[in-house]
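To start, the structure itself, in structure tokens.
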Amino acid sequence: MKYILLLSAFIFYQKTNAQTLKDSLMNINYHYYLNKPIDSLLQALPQSYDSIYTRAGSSAFVGATVVVDYGTMKPMVYITPGTKNYFTPANPSHQPPSIAWPINLVKQEQTWQVTIYSLFFSDPWPLKQVCCGN
Amino acid sequence: MKRKSDLYLVIYATLLIIISIFSISIISPSCKKMDVHVGNDTEIQSRFFNVPNNEAAVVHKVAAALKKQNNIGGFIPSFAKKEGYAVWDKSLIYYPEPLTNTYGRNGENETQDTIEVFTPIVLENDNIVNGFFFSRIVGDSVALHLYRANDYDLFPNGKIDSTVVTAELIIIKLLQLNDEIFGHKKYELLDSNAFKKEIHGKYRTIELDTNSNNNGGSETGRIKVRGNCTFTCYYNQTPECISTTNWCTFCQLYYCYSNCPSTPGSGTGTGSPSGGGGGYNWPPDPPIATGGSGGGGGSSTGNCIPGNCRTSSTLIVEGRVPCGGCGGGPIIILPPEEPPYIPSEIDTSDLRIISEKISNQSDSLFNWAFLPGNNLREQGAIIVRKNGNIYLKNIAPGKEGKTRPPNYSLETGEELIGYYHTHPVDTSYKQRSFFSDDDFLTFHSKAITIQGYMMVLECGNKRFIVVVENLQKYNEFMTFNRKMQIRNRYIEYELLPQQSTYYTNGQLASTNAALQFFGSSSNCGLGIYEANSPGKTNFTKLNP
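This is how it looks when you write it as structure tokens:
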């Protein structure tokens, strides 16, 4: 019984936290950041993220997408660059994403698209998608 | 003498007692009856107007406006007994359009001060919505309307995005409200005139679809309509179906599957302001077509003369509810539990037909990326069907390794059957990976509700198709954990590097990684197919 109560309290806490984060994420004017450096958007996002890293685009061996990961049960922000001045999208040698598309380089590129995903069934899927820059 | 007077006294006292008892026995029942009557009405009214304190302010406003009408006409006690009680906390609230949405309009200072509220009415101890109050609130003004489930058929049949209220629009709203209160989603549709264009056949099921994606709220108000179409489907023949809006290519003499057009606006509230989505716009009532004699104008009780229903508008005004309640309802009945729907396996000849029809467009879009200046950019589109034709629509170039979000807008008569994109990665097909985790996320937004929904990937040397073969199985397979895994790119970063061909043939490796994740179609509900160049129409199932 004690464990159930603790678990319930934990889930409630997680959900409330996620809700607050979701509200913060939804209130950002992402259109403003289109065609501006990804770094400027990263600074505007809630800073409570677990990690920021790069991934491939929609094709496994071409990059990159910047992921802002707020942790399990919480929304996740995907930022796609529209320029490739500081990195090379193709990854023919199948290097790990952090090597193929270093975050420090990719975040200097300009924002093309922003997508927020939430896994809650009650949320739209995706939660928000702002597209696109030049 | 004294004994005589005592006797008189006893007789007098006895008489007095008898008279008192008699008087009480006469007076008491009438007093009691009156007390009960007054008490009931008060109790009914108190119960009817019992709006939870934490309910949205607009709902309190609606209740107050209705109370004001009741103070004039006193119709609520009778109305509650005959029509039901308002379920205030299940009101659907539509606030004005938000100032910012996902596709621009940001910064526009557009405001609309019209709020629309739909409050269900349910009879005591009943389990179906009997009607609803529709309230349009502009500033302090509240216009109250009453729509009875029983009278829906007094409205004209037509589209749900019509400029006037139609029977179909009332049905949709009743289904949404039923879902809000009772969680009912499936009904047998009894009225053969309703949704005539969307559903064919004798046995017709109507189902509320609350899972569709939209940008405004948690529910789109869309419905999906299933109907038995055995008499209209001729498998592997063309035209397969009489209807232009079914999925008979896949129903194999068994099932039709279709989407109705979405209701105007999008998004619903669930009793709280935060639940509200985009603006709504409940249209005006059509001109009165029934009754003929005119006149009428409502009553304090809502009674009406049979055959003379709805002689007034739906407006509640001057302390009177409109006449009605004698229409041809009910619309629907709750169906008995249906056995799980397990469709026949997709026949590859269906995929061949689709692939053939989009083949030229698909090759052209793929090759476009290799033209000078196009920088290997991906192309995305949706696949639609109209009048037997299948084609790509809303084509838009993305970036290298990234598509734009699909644009799902359709024209009248068009049906969405899938999502399409290309993977034009250099000149070596080995880098042209299979569907990525992101692609599966995009696919999932529609696939969770649409049997037969597919995504097609053009890789030049191969064309891949993933199709929902068993919607129920697919929904069971896509647990929260699996969604989380896909979101975290488990296939791409955990399974893909494990493949033996990871460094030598990325396309094969990524295909095998996805197959490892999804497994057999009997397990995940998805059929995964590939067809090879040059024709790219002879599909082989990769996950039998």
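Respectively, the protein sequence lines represent chains A and B. Numbering-wise, my numbering puts 73 at position 73 of the first sequence, and it's gapless, one number per residue. Here my numbering = 1-based position in the second sequence + 1000. We put the CB at the ideal spot given by N, CA and C, even for glycine. Small disclaimer: the values here were computed from a predicted structure and weren't measured.
Contacts between Trp112(A) and chain B, judged by CB atoms closer than 8 Å, involve Lys1399 and Lys1402 in chain order. Taking 8 Å as the upper bound for CB-CB distance, Glu1083(B) and Asn1130(B) are in contact here, some 6 Å apart. In the three-state reduction of the DSSP assignment, Cys132(A) falls in the coil class, being assigned neither a helical nor a strand state.
Non-local beta-carbon contacts of Ala1513(B) in its own chain, meaning distances under 6 Å to residues more than five positions away in sequence, involve Ile1491, Leu1495, Leu1496 and Gln1499 in chain order. In the displayed model, Leu1542(B) falls within coil according to three-state DSSP, outside both helix and strand. A direct Cα-Cα distance of roughly 7 Å separates Gly1158(B) from Glu1168(B). At least one beta carbon of chain B lies nearer than 9 Å to the beta carbon of Pro92(A). Residue environment: Ser1364(B) is assigned as exposed (fewer than 16 neighbouring CB atoms within 10 Å of its CB, all protein chains considered). By the Cβ-count criterion, Thr1540(B) is exposed, with fewer than 16 other Cβ atoms from all chains shown falling within 10 Å of its own Cβ. Take Ile103(A), set aside five residues on each side of it, and the residues of its chain with a beta-carbon closer than 8 Å to its own are Ile52, Tyr53, Thr54 and Val66, in chain order. For Ala1063(B), the enclosing alpha helix (DSSP H) covers residues Ala1057 to Gly1073. Under the three-state reduction of DSSP output, His1444(B) falls in the helix class. With the rule of 3 Cβ pairs closer than 8 Å, the region 37-47 of chain A does not count as touching the region 1467-1483 of chain B. For Thr1442(B), same chain residues with a beta-carbon under 7 Å away, outside a window of 5 residues either side, are Pro1406 and Tyr1419 in chain order. The Cβ of Ser1091(B) sits no closer than 9 Å to any Cβ of chain A. In terms of Cβ geometry, Ala64(A) and Gly1506(B) do not form a close pair [threshold 9 Å]. Assignment of beta strand (DSSP E) within the region 77-133 of chain A, counting only whole runs of 3 or more residues, yields 111-117 and 128-131 in chain order. A straight-line Cα-Cα distance of about 21 Å links Glu1458(B) and Arg1489(B).
In the structure shown, the three-state DSSP call for Thr1403(B) is coil. The shortest C-alpha to C-alpha distance from Thr1449(B) to any of Asn134(A), Val130(A) and Trp125(A) is the one to Trp125(A).
A Cβ-Cβ separation of about 19 Å leaves Phe1464(B) out of contact with Asn1523(B) under the 8 Å criterion.
The C-beta of Leu1441(B) comes closer than 9 Å to at least one C-beta of chain A.
Put simply, the CB of Pro126(A) is near chain B, with a gap under 9 Å to one of its CB atoms.
Shortest Cα-Cα distance from Lys1462(B) to any of Ala1447(B), Asn1470(B), Asp1438(B) and Phe1434(B) involves Phe1434(B). Residue-level contact by beta carbon holds for Met1484(B) and chain A, with a gap shorter than 9 Å. Counting only unbroken stretches of 3 or more residues, the beta strand (DSSP E) elements lying wholly within the region 1125-1179 of chain B are 1129-1138 and 1141-1148, in sequence order. Chain order gives the chain A residues near Pro1405(B) as Gln129 and Cys131, where near means a beta carbon separation below 7 Å.
Under the three-state reduction of DSSP, Ser1428(B) is assigned to coil, being neither helix nor strand. Boundaries cannot be given for Met73(A), as no alpha helix (DSSP H) includes it and DSSP labels it neither H nor E. Taking each of Val1456(B), Glu1124(B), Ser1091(B) and Ile1076(B) in turn and checking the Cα distance to Val1051(B), the smallest one comes out for Ser1091(B). Between Leu1146(B) and Gln1069(B) a beta carbon distance of about 10 Å is seen, past the 8 Å cut, so the two are scored as non-contacting. The C-beta separation of Glu1378(B) from His1423(B) comes to about 7 Å, placing the pair in contact by the 8 Å criterion. The criterion of a C-beta distance shorter than 9 Å is satisfied by Glu1400(B) and Ala90(A). Cα atoms of Asn1374(B) and His1184(B): separation of roughly 51 Å, rounded to the nearest angstrom.
Annotation for Phe1366(B): Gln1379, Thr1422, Pro1424, Glu1458, Cys1459 and Gly1460 place their beta carbon closer than 8 Å to its own, counting only its chain and skipping 5 residues before and after.
For Gly1506(B), the uninterrupted alpha helix (DSSP H) run begins and ends at Gly1506 to Phe1518, by DSSP.
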